[in-house]
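Residue numbers (our numbering), protein chains in the order written: chain A, 1 to 115; chain B, 116 to 231.
Ideal Cβ positions, reconstructed from N, Cα and C, are used throughout, including at glycine.
Here the structure is a predicted model, which means the values were calculated and not measured.
Structure, as structure tokens:
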């Protein structure tokens, strides 16, 4: 079974600064996908970024980028130029290639962006 | 607009009173899932369905039932709700991508259930 660990329950960052959220996972699979989801106070689950394990290049989406270290089973999210609207709960998630219907989530990191 | 809808959005009920949370998607997706979210535990999968009449248990199926009679609908049934089923519930759907990449899950808005 896969496990996903987010060791930072809460984090805080000042507006315009950069913050990195940590995620590690455990799996014996070689072909899988990793995701970061954002959950603002509205509770909606919003996909932030995804990474295919077979791709060595780190994924980027505007101000969001990941540092994917496959050997270390690490998948951190970097948010640059933080904005007040980034305040949310962030979940790291894992999906095996064969199980398209199942995401395994971490416990989440609550990020507060301050003025 | 492509979306996943859930009803009701909020529900307060009493122990033992059967309830159904509906989930519907308009994207013709084959795969659908139910998750529950609890503080400190993240989201955990309850049940999933790979197509009409094909369902299987997730990580926390006890106390729940599902059915998939139509492709677009995937209701979650609590036959005899208990207080430990108080949670935030999400329905999600997904479809095999044409480029062979990751299956993106589309989430509904969530249903806040309180069982007293």
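1) Quick one: measure Cβ to Cβ for residue 114/A and residue 14/A, integer angstroms, because I've assumed they're closer than 8 Å.
2) Residue 211/B to residue 182/B, Cα distance in whole Å?
3) Closest by CA to residue 89/A, which one among 101/A, 37/A, 82/A?
4) What residues in the segment 155 to 181 of chain B have a beta carbon less than 9 Å from any beta carbon of chain A?
5) Give me the chain B residues within the contact set of residue 102/A, using Cβ-Cβ distance strictly less than 8 Å, ordered along the chain.
6) If we ignore side chains and look at the alpha-carbon of each, how far apart do residue 84/A and residue 169/B end up?
7) Where do the N-terminal and C-terminal ends of the beta strand (DSSP E) with residue 108/A fall, by residue?
8) Note down the Cα distance separating residue 19/A from residue 80/A, rounded to an integer number of angstroms.
9) Starting from residue 159/B, trace the beta strand (DSSP E) both ways and give me its first and last residue.
10) For residue 221/B, I'd like the list of residues in its chain whose CB is within less than 8 Å of its CB, leaving aside the five on either flank, ordered along the chain.
11) So what's residue 84/A in DSSP terms, helix, strand or just coil?
12) Hey, how far is the Cα of residue 199/B from the Cα of residue 7/A?
13) Whose C-beta lies closer than 7 Å to the C-beta of residue 202/B among residues of the same chain, with five residues either side of it excluded?
14) Say whether the segment 119 to 133 of chain B touches the segment 20 to 30 of chain A, bearing in mind that this needs 3 or more beta-carbon pairs closer than 8 Å, one atom from each stretch.
15) Taking the beta carbon of residue 148/B as the centre, do at least 16 other beta carbons fall within 10 Å, making it buried, or is it exposed?
16) Taking the alpha-carbon positions, what's the residue 16/A to residue 1/A distance?
17) Helix, strand or coil for residue 188/B per DSSP?
18) Please list the partners that residue 121/B has in chain A, where partner means a Cβ-to-Cβ separation under 9 Å.
19) Smallest Cα separation from residue 177/B: which of 218/B, 224/B, 159/B?
20) Contact defined as beta carbons within less than 8 Å: I believe residue 67/A pairs with residue 53/A. What is the distance between those atoms, to the nearest angstrom?
21) Spatial neighbours of residue 47/A within its chain, please: C-beta separation below 7 Å, excluding the five flanking residues on both sides.
22) Pick out the complete beta strand (DSSP E) segments inside the segment 7 to 36 of chain A, 3 residues or longer, and give them in chain order.
To lay it out plainly:
1) Here residue 114/A corresponds to residue number 114 of the first chain, with the count starting at 1. Here residue 14/A corresponds to residue number 14 of the first chain, with the count starting at 1. About 6 Å separates the two Cβ atoms, so the contact holds.
2) Sequence index remark: in the second chain, residue 211/B carries index 96 (1-based). Sequence index remark: in the second chain, residue 182/B carries index 67 (1-based). Each residue's Cα considered, the two are about 21 Å apart.
3) By one-based count along the first chain, residue 89/A stands at place 89. Taking only the C-alpha atoms, the option nearest residue 89/A is 37/A.
4) Flagged, chain order: 155, 156, 157, 158, 159, 160, 163, 164, 165, 171, 173, 174.
5) As a working note, residue 102/A is residue 102 in the first chain. Annotation: Cβ neighbours of residue 102/A in chain B (cutoff 8 Å, chain order): 148, 160, 163, 173.
6) Numbered from 1 along the first chain, position 84 holds the residue referred to as residue 84/A. Numbered from 1 along the second chain, position 54 holds the residue referred to as residue 169/B. A straight line joining the alpha-carbon of residue 84/A with that of residue 169/B spans about 43 Å.
7) As a working mapping, residue 108/A is identified with position 108 in the first chain. Counting along the chain, residue 108/A falls outside any beta strand (DSSP E), and DSSP gives it neither H nor E.
8) Counting from 1 along the first chain, the entry for residue 19/A is found at position 19. Counting from 1 along the first chain, the entry for residue 80/A is found at position 80. Answer to the nearest angstrom: the Cα atoms are 7 Å apart.
9) As a first step, residue 159/B is located in the second chain; it is residue number 44 there, counting from the start. Residue 159/B: member of the beta strand (DSSP E) spanning 157 to 166, first to last residue.
10) The count along the second chain starts at 1 and reaches residue 221/B at position 106. The answer, listed in chain order, is 117, 118, 119, 140, 142, 144, 207, 208, 209.
11) Counting from one through the first chain, the residue named residue 84/A turns up at place 84. Residue 84/A: helix per DSSP, three-state reduction.
12) Start at 1 with the first residue of the second chain, and residue 199/B comes out as number 84. Start at 1 with the first residue of the first chain, and residue 7/A comes out as number 7. For residue 199/B and residue 7/A, the distance between alpha carbons rounds to 26 Å.
13) As a working note, residue 202/B is residue 87 in the second chain. Sequence-distant partners of residue 202/B (beyond 5 residues in either direction) whose C-beta falls short of 7 Å from its own C-beta, in its chain, are 151, 152, 153, 228.
14) Look at the beta carbons and you see the segment 119 to 133 of chain B not touching the segment 20 to 30 of chain A: under three pairs across the two are nearer than 8 Å.
15) Within the second chain, the letter at position 33 stands for residue 148/B. Per the 10 Å Cβ criterion, buried.
16) Translated into the one-based positions of the first chain, residue 16/A becomes position 16. Translated into the one-based positions of the first chain, residue 1/A becomes position 1. Take the alpha-carbon of residue 16/A and the one of residue 1/A: they are about 39 Å apart.
17) Against the second chain, residue 188/B aligns to sequence position 73. Looking at residue 188/B - three-state DSSP - the assignment turns out to be strand.
18) Locating residue 121/B in the second chain gives position 6, where the first residue counts as 1. Residues of chain A passing the Cβ test: none, with the nearest at roughly 11 Å.
19) The residue given as residue 177/B occupies position 62 in the second chain. Answer by Cα proximity: 159/B.
20) Reading the first chain from its first residue, position 67 is the one you call residue 67/A. Reading the first chain from its first residue, position 53 is the one you call residue 53/A. That belief does not hold up - the Cβ atoms of residue 67/A and residue 53/A are roughly 14 Å apart, past 8 Å.
21) By one-based count along the first chain, residue 47/A stands at place 47. Around residue 47/A: 35, 37.
22) Within the segment 7 to 36 of chain A, the complete beta strand (DSSP E) segments of 3 residues or longer fall at 10 to 14, 19 to 21, 24 to 26, listed in chain order.
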